[in-house]
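Asker: Protein chains in written order, with my numbering: chain A, 8 to 443; chain B, 8 to 443; chain C, 8 to 443; chain D, 8 to 443. Have a look at this one before I ask anything.
There are 4 protein chains.
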Amino acid sequence: RAARTAPGLDLERAALARRYHAVRARSLALVAPLSPEDCQAQSMPDASPAKWHLAHVTWFFETFVLERFEPGFQPFHPAFRALFNSYYNGVGEPFSRPQRGLLTRPDLAEVLRWRAEVDQRVARLLRHTTRPEALALIELGVQHEQQHQELLLTDIKHLLSINPLHPVYQSAWPLTSVANVPAQWVERPGGLVEIGHAGAGFAFDNESPRHPQWLQPHALMNRPVTHGEWLAFVQDGGYTDPQWWLAAGWDWLRAEGLGAPLYWTLPADGAALPTVFTLHGDMPLDPHTPVTHISYYEADAFARWASASRAEWAGARLPSEAEWEASAAALPVQGNCQDSGALHPMPARAPAAPGALLQMFGDVWEWTTSSYSAYPGYQPAEGAVGEYNGKFMVNQLVLRGGSCATPASHLRASYRNFFPASARWQFSGLRLARSL
Amino acid sequence: RAARTAPGLDLERAALARRYHAVRARSLALVAPLSPEDCQAQSMPDASPAKWHLAHVTWFFETFVLERFEPGFQPFHPAFRALFNSYYNGVGEPFSRPQRGLLTRPDLAEVLRWRAEVDQRVARLLRHTTRPEALALIELGVQHEQQHQELLLTDIKHLLSINPLHPVYQSAWPLTSVANVPAQWVERPGGLVEIGHAGAGFAFDNESPRHPQWLQPHALMNRPVTHGEWLAFVQDGGYTDPQWWLAAGWDWLRAEGLGAPLYWTLPADGAALPTVFTLHGDMPLDPHTPVTHISYYEADAFARWASASRAEWAGARLPSEAEWEASAAALPVQGNCQDSGALHPMPARAPAAPGALLQMFGDVWEWTTSSYSAYPGYQPAEGAVGEYNGKFMVNQLVLRGGSCATPASHLRASYRNFFPASARWQFSGLRLARSL
Amino acid sequence: RAARTAPGLDLERAALARRYHAVRARSLALVAPLSPEDCQAQSMPDASPAKWHLAHVTWFFETFVLERFEPGFQPFHPAFRALFNSYYNGVGEPFSRPQRGLLTRPDLAEVLRWRAEVDQRVARLLRHTTRPEALALIELGVQHEQQHQELLLTDIKHLLSINPLHPVYQSAWPLTSVANVPAQWVERPGGLVEIGHAGAGFAFDNESPRHPQWLQPHALMNRPVTHGEWLAFVQDGGYTDPQWWLAAGWDWLRAEGLGAPLYWTLPADGAALPTVFTLHGDMPLDPHTPVTHISYYEADAFARWASASRAEWAGARLPSEAEWEASAAALPVQGNCQDSGALHPMPARAPAAPGALLQMFGDVWEWTTSSYSAYPGYQPAEGAVGEYNGKFMVNQLVLRGGSCATPASHLRASYRNFFPASARWQFSGLRLARSL
Amino acid sequence: RAARTAPGLDLERAALARRYHAVRARSLALVAPLSPEDCQAQSMPDASPAKWHLAHVTWFFETFVLERFEPGFQPFHPAFRALFNSYYNGVGEPFSRPQRGLLTRPDLAEVLRWRAEVDQRVARLLRHTTRPEALALIELGVQHEQQHQELLLTDIKHLLSINPLHPVYQSAWPLTSVANVPAQWVERPGGLVEIGHAGAGFAFDNESPRHPQWLQPHALMNRPVTHGEWLAFVQDGGYTDPQWWLAAGWDWLRAEGLGAPLYWTLPADGAALPTVFTLHGDMPLDPHTPVTHISYYEADAFARWASASRAEWAGARLPSEAEWEASAAALPVQGNCQDSGALHPMPARAPAAPGALLQMFGDVWEWTTSSYSAYPGYQPAEGAVGEYNGKFMVNQLVLRGGSCATPASHLRASYRNFFPASARWQFSGLRLARSL
Ligand SMILES: [Fe+3]
Ligand SMILES: [Fe+3]
Ligand SMILES: [Fe+3]
Ligand SMILES: [Fe+3]
């Protein structure tokens with residue numbers, strides 16, 4: 008890589024500083040509707056308290072940036088290094104994950120003081136450092152904080168859902184009713200494509216190296232599956248017939264006693280619409296919005312049911328991540344993301360042109376059939392930060408496209424999200440595909 | 008029972024009102040050192056958040072007193088009736104016990120507002136009611152709140168212990184070093200005794216009816232087993248030799264991987280004293296204070312070891328609750344209780360007279376061999392409040408005498424506490440006995 | 008104890024030899040209807056394979072008798088000492104209990120060879136030994152084998168019940184229909200009684216020492232609760248109303264999803280009688296036979312329901328073991344035991360005299376309210392055999408009277424059986440009592 | 008497909024009949040060393056009793072062939088249809104998998120009678136049927152039985168390993184000591200390859216359709232990793248350093264407390280070789296044989312350790328299934344398979360030519376990085392038999408090449424085996440790969 012000139016470095020540092028402060032401020036805005044109690048509680052081992060998120064992303068900057076690059080580094084509190092380490096064995100033994108909600112000290116106020124101090128120190132570093140690794144790690148920390156912003160929202164949603172009072176996180180509800188956009192297959196030829204991160208701009212290590220992949224001819228649906236289409240699956244007995252389900256999915260379904268997506272309340276009277284818990288409170292199911300909070304097992308079962316139940320959906324399955332990315336790469340990264348203020352998927356808008364793929368970015372993460380694994384030639388980053396992605400490459404499925412809770416500036420076509428097949432508390436949905 | 012005259016009723020109401028306010032104020036004093044976050048968290052299913060304790064004892068007054076006796080009763084919040092119901096099926100389905108820590112709403116401030124409103128309404132009722140059942144249920148509510156005060160302290164202790172920062176609940180530490188009081192057997196003849204609640208004053212239903220019981224000649228130790236005596240058990244391999252343990256205790260020990268009482272940290276260097284976590288922070292083990300935070304399994308194992316290991320302890324076992332009560336009935340109800348400010352067991356003071364039983368009240372609850380069951384002729388109270396005690400009469404052991412966390416005014420000789428054999432987070436200890 | 012004369016010893020040895028051989032032969036008769044496969048399988052951790060029972064009782068003689076008293080002792084197979092040790096830590100680490108069904112070697116044939124060899128060697132010892140401890144331990148071994156005969160039957164019943172083929176253990180079915188014997192209270196005065204083993208004859212250590220106990224006036228029902236009475240409880244919603252249940256019982260019931268005693272199949276049509284699986288195959292419920300295969304939780308709930316539901320049963324509860332024994336001590340030890348050939352409880356026969364207690368021995372073990380604990384002054388036997396009873400004295404309830412699967416010669420009034428409150432696979436039933 | 012002429016059909020039927028009888032006879036030969044007890048027990052939920060295997064493969068012929076194609080079909084026993092259904096929801100609710108070891112009836116003798124009857128009836132069908140689907144399903148049943156033969160061996164090995172007697176399945180031990188074959192990278196160019204089943208001969212549905220896949224340049228190791236190489240990993244602390252492990256693998260390792268492959272006994276004295284339990288009994292570890300009984304987690308960790316620890320192994324990883332198949336397709340399907348009589352992996356023999364890939368077939372299944380999923384355009388078979396493969400396509404990894412327990416005639420280059428990442432009881436091993 009060519010050496011950066013000093014003016015280039017100055018511009019880069021200034022841009023990064025602006026971005027750093029905007030993202031850090033956004034995190035605080037996200038917890039503004041929450042009490043110290045809300046920020047304390049952890050509703051399940053997979054979720055973390057909001058306070059923990061605020062502390063952990065700060066820990067990331069302190070541990071991976073300040074500790075390494077700040078002259079005369081002293082930690083804000085020596086014990087926080089272990090307390091807010093999520094899973095980096097290279098940093099030491101982390102505090103027990105399922106017990107994060109028991110760390111009542113430091114309290115929220117102290118965590119906010121820690122954030123403020125780290126912000127000052129990172130700002131100072133950003134004015135003076137000439138080391139590109141420092142800038143790269145600050146950029147990584149900013150991206151990391153954006154990831155945790157989404158988790159903070161999904162974790163808070165889960166927490167509030169458990170409270171019988173069903174508290175409202177945010178009253179605003181920007182939804183205006185629209186006409187349904189009919190489902191349509193959009194066809195793609197087969198052949199050799201390249202997927203993975205290319206060119207400038209940030210990407211995580213798991214998006215590299217860019218590499219060729221051979222695709223067979225296929226089609227993608229023009230928009231995600233909607234709540235209304237999912238309701239037909241429920242009403243057709245989809246959750247009680249094993250023929251649609253993977254064996255592991257059927258076992259999971261029965262062990263958990265499930266009959267609908269997470270956050271649905273099925274009405275006693277089958278004629279009425281289900282109620283859906285959202286970050287804006289309980290709402291009647293809107294049939295035109297993308298279905299969300301479904302596991303991979305459910306997405307996969309829906310596709311089998313759809314394939315067998317509707318002639319126009321014959322052959323329906325989930326797409327592979329390569330199929331998804333090959334189509335998404337040509338599209339602008341736009342959609343209903345966290346920035347829209349609607350913390351819930353929105354209906355598709357009528358497309359400008361026939362054959363357009365809608366809602367590829369934002370609204371709901373789209374489950375793919377692709378297991379999360381290393382691209383050929385993948386190299387994790389050096390040091391403890393190399394544990395960021397690589398060590399999770401088993402027993403997870405890739406999701407693509409971002410959701411209504413993802414910051415828009417965090418997304419790109421090559422972005423790979425991943426969760427176990429049973430995870431439902433993310434804004435996960437699906438788009439159908441089929442082989443031609 | 009003779010009819011109460013109006014002046015007698017006035018005096019009784021006034022006394023109860025004073026007592027009510029004192030106990031309610033005490034609960035608030037207990038949470039004064041705690042943040043909203045501290046009050047939110049639940050460290051294990053058996054424990055409850057401090058905020059939940061504050062709310063639940065208020066629920067008790069609202070549900071069992073105001074709802075029944077207040078004219079034109081309206082609840083503070085209709086949902087709280089289910090949210091803060093602990094286990095009374097007669098009131099409805101309670102909220103899931105292991106998830107109490109997830110109820111971030113109402114927040115602490117709202118719970119305190121609820122408390123204040125209920126206090127006003129109970130005070131008004133106490134000025135006007137002429138119904139003895141109302142007074143009896145208010146008295147029950149006051150006793151109930153005292154019970155929860157002790158649980159609040161033991162639950163907070165458990166919560167803070169999990170935080171690697173080991174926060175201090177209360178810095179004051181009134182302990183002054185004293186000489187050890189040697190262990191001595193105090194002998195008691197056999198014969199027919201009466202146990203159970205007698206005469207005036209409050210008692211729980213499980214202390215009645217008073218009834219005869221035949222005792223064989225026996226001896227009680229003059230004071231509880233001390234930390235120093237327990238350390239000898241640990242150092243003699245007590246936790247690694249199955250011969251001392253009940254089969255269920257040995258299974259429990261190995262499944263949990265235990266080697267010392269709860270809250271001990273054994274030093275890497277065997278020569279040093281263990282560190283003990285207390286509500287006043289981490290302290291070196293004090294050999295002269297009563298050992299505490301032991302399960303029934305441990306207490307029972309210690310007794311077997313003691314019997315086999317020291318000639319002067321030959322025949323050692325735990326006492327029955329009847330043996331304990333027969334001796335305690337003659338003693339004043341005095342000791343190191345919550346009111347002393349020392350939230351930890353204190354050393355025995357040299358006795359005024361030989362043969363005196365020391366520390367029968369306060370310091371540590373004493374495990375007995377008696378399973379918690381109904382006295383002959385036992386009748387639970389009418390209605391939902393009848394679920395208070397009776398439905399727990401299986402798989403629990405009786406403890407007697409109160410602890411350093413029990414309000415002194417809450418204790419009496421006939422008082423029966425009860426916990427499962429594996430419980431350790433209460434201030435539980437033991438006093439040896441033997442048959443003669 | 009006075010020295011035994013040689014002729015007395017000869018008689019004692021000869022009687023014991025006869026008894027030994029009869030009991031050993033009985034075990035073989037019990038497995039005669041079983042295949043090697045039936046003898047291999049273990050249906051749950053609490054149960055053991057029939058082959059294991061046959062081996063373990065042999066291990067008892069080899070380890071506690073031959074190893075100690077036989078000159079030049081050599082084990083049949085050195086590994087069997089650990090393989091067939093049930094729980095005696097004093098003998099060494101036993102093989103994992105839940106995995107007993109995985110010990111396919113030795114096979115049944117080899118276990119039978121082992122039995123035959125040990126029988127020869129014990130017979131030889133019985134001809135020559137002059138040591139009373141040897142005789143006492145052989146007697147203990149015989150009693151031990153009788154205990155395991157009952158377990159063998161209940162374990163096989165449980166195993167066969169899991170097979171959808173519901174195999175029949177024994178086709179013979181001696182039941183003849185009889186008229187119902189009406190339930191009647193039999194009253195007993197209060198006062199001081201003595202319970203525990205007295206006089207000559209074998210008893211387990213847990214039946215001693217005999218000691219006084221004060222009883223309040225009470226009544227016992229003349230016969231156990233019947234299947235018909237239990238059916239009324241089921242049909243009245245007994246399993247769906249928490250008011251009848253101990254808190255731990257209600258949790259257990261819901262976690263297990265239970266609605267009837269073990270081995271019942273409730274008919275789809277509520278008008279029809281349930282089917283009951285027995286060692287003689289599936290049978291329609293006989294309303295006049297004592298109900299069996301119920302847990303303590305169920306017995307206790309039935310008593311509360313009965314007390315509240317029928318005027319003539321007001322005050323119904325379970326008896327204490329002292330109440331039971333005080334009444335049983337005067338009765339002959341007779342009843343429907345294993346020897347009758349009916350491996351199922353039988354209806355009560357009309358009593359010779361009014362006020363007679365029927366079916367106190369045999370038919371069903373009767374749950375008592377008494378937790379299994381040490382009698383005052385209890386001393387376990389010396390050595391590893393001291394682990395026989397004492398180490399189980401927690402979290403279990405006492406049952407009295409024996410069952411249709413107990414060998415008649417194994418019973419006496421002071422006999423204490425014990426199981427956890429949730430155990431149902433024994434022939435457990437109940438007899439109501441009440442305080443007067 | 009062109010119509011088969013009658014002579015062609017005759018030949019095909021005769022060949023299939025021979026093959027049917029050979030495979031059925033082989034199953035009986037495999038259980039010849041086992042007692043009825045050995046055939047009864049199930050050592051873990053993932054394993055099945057040998058008797059169950061014998062019955063289930065017979066059930067397959069009865070249910071999928073005879074029931075559909077035999078005129079006047081009557082089942083051998085109507086209950087067996089549910090009892091021995093493994094997981095085909097289309098056939099009905101199968102009997103509980105973890106309880107297969109509790110089905111003591113039918114006994115082994117009856118299962119063998121069932122086998123004999125089904126063999127006669129299939130033979131008759133094979134003489135007369137003109138329906139190609141019947142032949143296809145018989146062929147599928149034969150392949151199915153071969154799969155279960157391997158499982159029968161691995162399940163018996165697991166069962167015998169739990170018995171402290173460590174019984175020997177087969178005494179013969181054909182191993183002769185040989186010189187080590189040094190590890191060497193064999194390089195392969197990148198480019199478009201086709202994988203999946205091609206041409207004539209049987210294949211499972213999951214091997215189709217054959218399809219193109221783009222490979223990057225890479226190398227495979229000439230032989231699998233050996234026991235000696237694995238021992239170096241163990242001795243270098245491989246099981247105690249999280250840096251080598253996937254996060255899920257490290258959690259698994261610690262939860263299970265593992266420090267070596269399944270069936271190893273590490274010596275107390277670090278200088279001595281571990282002992283390895285085999286179907287031929289306990290053996291000292293042979294450093295030149297392929298390591299086996301490792302999970303995917305272990306295989307993956309070994310590759311990371313190898314890559315970092317030895318210069319010549321830099322870049323080591325596991326191969327993808329496409330990389331493996333592209334190389335294997337050119338090789339003869341030969342190796343140390345079940346037919347060799349050595350039920351344990353054997354050392355590599357010195358290659359005839361440099362650059363040859365050794366032991367690609369037989370010895371040990373080789374873990375790949377490829378998650379088990381559908382090939383593009385995959386279609387499961389029609390009807391219940393379509394549940395054979397497709398519904399397991401999640402949370403499993405593909406293994407390739409067969410093992411010492413696989414029948415040789417069952418293998419081909421496109422064969423896909425699959426197990427969860429934690430499975431160790433199969434003869435699973437690994438071959439290193441790297442990107443160029
Ligand atoms: Fe993170
Ligand atoms: Fe309470
Ligand atoms: Fe035994
Ligand atoms: Fe199968």
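A virtual CB, placed ideally from N, CA and C, is assigned to each residue, including glycine.
Under 7 Å, CB to CB, which of the residues in the segment 22-52 of chain C have a partner in chain D?
Answerer: Within the segment 22-52 of chain C, the qualifying residues are 42, 43, 44, 45, 47, 48, 50.
Asker: Quick one: does the C-beta of residue 93/A sit closer than 6 Å to a heavy atom of ligand 1?
Answerer: For this step, residue 93/A is matched to residue 86 along the first sequence. It does: the Cβ of residue 93/A is within 6 Å (strictly closer) of some heavy atom of ligand 1.
Asker: I'd like to check one pair, residue 317/A with residue 440/A: are the Cβ atoms closer than 7 Å?
Answerer: Here the question's residue 440/A lines up with position 433 in the first sequence. Here the question's residue 317/A lines up with position 310 in the first sequence. Not closer than 7 Å, so no.
Asker: Taking the alpha helix (DSSP H) that residue 309/B belongs to, which residues open and close that run?
Answerer: Position 302 of the second sequence holds residue 309/B. From DSSP, the alpha helix (DSSP H) with residue 309/B extends over 303-316.
Asker: What is the residue span of the alpha helix (DSSP H) that residue 56/B lies within?
Answerer: The count along the second sequence starts at 1 and reaches residue 56/B at position 49. No alpha helix (DSSP H) contains residue 56/B, which DSSP labels as neither H nor E.
Asker: Taking the straight line between their C-alpha atoms, what separation do you get for residue 250/C and residue 341/A?
Answerer: Taking the third sequence and counting its residues from 1, one reaches residue 250/C at position 243. Taking the first sequence and counting its residues from 1, one reaches residue 341/A at position 334. Rounded to the nearest angstrom, the two C-alpha atoms are 59 Å apart.
Asker: Is it true that the segment 260-268 of chain A meets the segment 218-225 of chain A, where meeting means three or more beta-carbon pairs spaced less than 8 Å apart?
Answerer: Segments in contact, no.
Asker: Using the C-alpha atoms, what's the distance from residue 246/C back to residue 260/C?
Answerer: Taking the third sequence and counting its residues from 1, the one referred to as residue 260/C is at position 253. Taking the third sequence and counting its residues from 1, the one referred to as residue 246/C is at position 239. So the two alpha carbons sit approximately 8 Å from each other.
Asker: Please confirm whether residue 384/B has its beta-carbon closer than 7 Å to some beta-carbon of chain C.
Answerer: On the second sequence, position 377 is the one that residue 384/B refers to. It does: the Cβ of residue 384/B has a partner Cβ on chain C nearer than 7 Å.
Asker: Excluding sequence positions up to five away, which residues of its chain have a Cβ less than 7 Å from the Cβ of residue 16/C?
Answerer: Taking the third sequence and counting its residues from 1, the one referred to as residue 16/C is at position 9. These residues qualify, in order along the chain: 137.
Asker: Grouping DSSP H, G and I as helix and E and B as strand, with all else coil, what is residue 81/B?
Answerer: The residue you call residue 81/B lines up with position 74 of the second sequence. If DSSP states are grouped into helix, strand and coil, residue 81/B belongs with coil.
Asker: Residue 96/B touches chain A at which residues, Cβ-Cβ below 8 Å?
Answerer: As a first step, residue 96/B must be located in the second sequence, where it is residue number 89. Within 8 Å Cβ-Cβ: nothing; residue 96/B doesn't reach chain A, min ~17 Å.
Asker: Exposed or buried, residue 437/C, counting other C-beta atoms within 10 Å across all chains shown (16 or more means buried)?
Answerer: Position 430 of the third sequence, counted from the first residue, corresponds to residue 437/C. Looking at its Cβ environment, which holds 16 or more other Cβ atoms inside 10 Å, residue 437/C is buried.
Asker: Starting from residue 225/B, follow the alpha helix (DSSP H) in both directions and report where the run begins and ends.
Answerer: Position 218 of the second sequence, counting from 1, holds the residue named residue 225/B. No alpha helix (DSSP H) contains residue 225/B, which is instead part of the beta strand (DSSP E) from 225-228.
Asker: Please report whether the beta-carbon of residue 1/D lies at a distance below 7 Å from any beta-carbon of chain C.
Answerer: Residue 1/D is absent from the structure shown; chain D starts at 8 and stops at 443.
Asker: Determine, using beta carbons only, whether residue 253/C comes closer than 7 Å to chain B.
Answerer: Taking the third sequence and counting its residues from 1, one reaches residue 253/C at position 246. Yes, residue 253/C counts as interfacial toward chain B.
Asker: Here's a check: name, in chain order, each residue in its chain whose Cβ is nearer than 6 Å to the Cβ of residue 133/B, leaving out the five neighbours to either side.
Answerer: If you number the second sequence from 1, residue 133/B lands on position 126. Within the same chain, residue 133/B has close Cβ partners 20, 24.
Asker: When you compare the CB of residue 380/B with every CB in chain C, is at least one pair closer than 7 Å?
Answerer: In the second sequence, the residue the question calls residue 380/B occupies position 373. Closer than 7 Å to some Cβ of chain C, the Cβ of residue 380/B qualifies, so yes.
Asker: Please list, in chain order, all residues of the same chain as residue 14/A whose beta carbon is under 6 Å from its beta carbon, the five residues on each side excluded.
Answerer: Here residue 14/A corresponds to residue number 7 of the first sequence, with the count starting at 1. Nothing meets the Cβ criterion.
Asker: May I ask you to list, following chain order, the residues of the segment 195-221 of chain D that have a beta carbon less than 7 Å from some beta carbon of chain A?
Answerer: Correct list: 199, 218, 219, 220, 221.
Asker: In whole angstroms, give me the CA-to-CA distance for residue 88/B and residue 383/D.
Answerer: As a first step, residue 88/B must be located in the second sequence, where it is residue number 81. As a first step, residue 383/D must be located in the fourth sequence, where it is residue number 376. Going by the C-alpha atoms only, they are around 56 Å apart.
Asker: Assign residue 221/C to one of three DSSP states: helix, strand, or coil.
Answerer: The residue you call residue 221/C lines up with position 214 of the third sequence. If DSSP states are grouped into helix, strand and coil, residue 221/C belongs with the strands.
Asker: Find the nearest neighbour of residue 435/B within the set 410/B, 379/B, 443/B, 420/B, judged by alpha-carbon distance.
Answerer: Against the second sequence, residue 435/B aligns to sequence position 428. That would be 410/B, whose Cα lies nearest to the Cα of residue 435/B.
Asker: Counting contacts by CB-CB distance shorter than 7 Å, is residue 5/D in contact with chain C?
Answerer: Because chain D here runs from 8 to 443, residue 5/D falls outside it and cannot be looked at.
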